[in-house]
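In the working numbering, the protein residues as written are 1 to 235.
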């Protein structure tokens with residue numbers, strides 16, 4: 001599945017739908033640490049991961065862009081640091097010029113007014129006025145693996161990010177996850193329309209029937225009930 005297809009499929013979807021689909025399919029979905037948010041609300045991105053580990057200098061980002069495919073998402077490992085902004089307006093402009101889809105940073109950014117004016121998708125913990133004041137030794141896997149919280153991200157992963165957060169899944173599972181996420185989305189939209197038309201969710205999900213089943217069998221779960229009737233509010 002290529003970046004264009006991934007982006008098109010994600011247009012009407014969201015990260016909650018991606019996580020629900022992964023849960024339903026029993027496929028691992030790695031959620032970025034709490035607090036990773038877009039610089040500008042309402043922006044979303046999806047694409048193959050382009051990892052880069054930051055050591056104090058932007059050269060690693062520039063080098064990563066040399067091998068990038070159009071629509072990749074630059075995934076920056078800055079160790080979750082919030083005491084320095086590891087990217088600013090020039091890096092973001094260069095990323096956009098390289099035809100990448102966006103940037104997600106396990107760390108902070110700076111030049112917030114300029115980034116908002118540019119309008120390119122950037123996700124991070126927030127802003128810090130100070131740039132890096134260090135230059136650490138570079139490791140061999142700098143362009144192969146980017147840690148994001150407790151897990152690694154490689155070029156074999158896909159990134160999905162929006163106002164709810166950032167998620168990573170394996171590229172080999174992306175097509176199935178997106179198809180399932182769309183099925184869930186379509187079901188939930190129908191449920192929402194019915195609620196607006198006056199039919200409660202309890203009625204749609206045959207909640208009274210579920211309570212009777214649970215009374216007869218305390219081990220009967222709501223998720224089991226939803227599977228039986230084709231509901232999509234969980235999983």
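Where a beta carbon is used, it is the ideal one built from N, C-alpha and C, also for glycine.
query, result
"Per-residue burial, residue 180 [other beta carbons within 10 Å of its own, 16 or more giving buried]", "buried"
"Closest by C-alpha distance to residue 58, when choosing among 225, 42, 217, 78", "78"
"For residue 6, the first and last residue of its enclosing alpha helix (DSSP H)", "3–10"
"Own chain residues within Cβ distance below 7 Å of residue 194, not counting five before or after", "204"
"Buried or exposed (CB count within 10 angstroms, at least 16 for buried), residue 200", "exposed"
"Other residues of its chain near residue 21: CB distance less than 7 Å, five sequence neighbours each side excluded", "177, 180, 181, 184"
"Sequence ranges, alpha helix (DSSP H) only - wholly within the segment 90–148, length at least 4", "112–118"
"Own chain, CB closer than 6 Å to residue 14, minus 5 neighbours either side, in chain order", "162"
"Distance CB(residue 137)-CB(residue 145) smaller than 8 Å", "no"
"Exposure label - residue 192; buried when at least 16 CB within 10 Å", "exposed"
"Spatial neighbours of residue 96 in its chain, beta-carbon cut-off 8 Å, leaving aside the 5 residues before and after", "118, 120"
"Straight-line gap, residue 37 to residue 54 (C-alpha atoms, nearest Å)", "19 Å"
"Beta-carbon spacing of residue 91, residue 108 below 8 Å", "no"
"Residue 170: first and last residue of the uninterrupted beta strand (DSSP E) it sits in", "165–170"
"Unbroken alpha helix (DSSP H) run spanning residue 160, endpoints", "That residue, residue 160, is in no alpha helix (DSSP H); its beta strand (DSSP E) goes 157–162."
"Beta-ladder partner(s) of residue 194, from DSSP", "Residue 194 pairs with nothing; no bridge assigned."
"Rounded distance between the beta-carbons of residue 5 and residue 45, thought under 8 Å", "About 14 Å; that fails the 8 Å criterion."
"Proximity below 8 Å, CB of residue 158 to CB of residue 75", "no"
"Residue 41 burial status per 10 Å Cβ neighbour count (16 or more: buried)", "exposed"
"Status (buried if at least 16 other CB within 10 Å, exposed otherwise) for residue 173", "buried"
"8 Å Cβ cutoff met for residue 213 and residue 51", "no"
"Closest Cα partner of residue 150 within the set 134, 167, 215", "167"
"Cβ-Cβ distance between residue 73 and residue 104 below 8 Å", "yes"
"Beta-carbon gap between residue 132 and residue 86 smaller than 8 Å", "yes"
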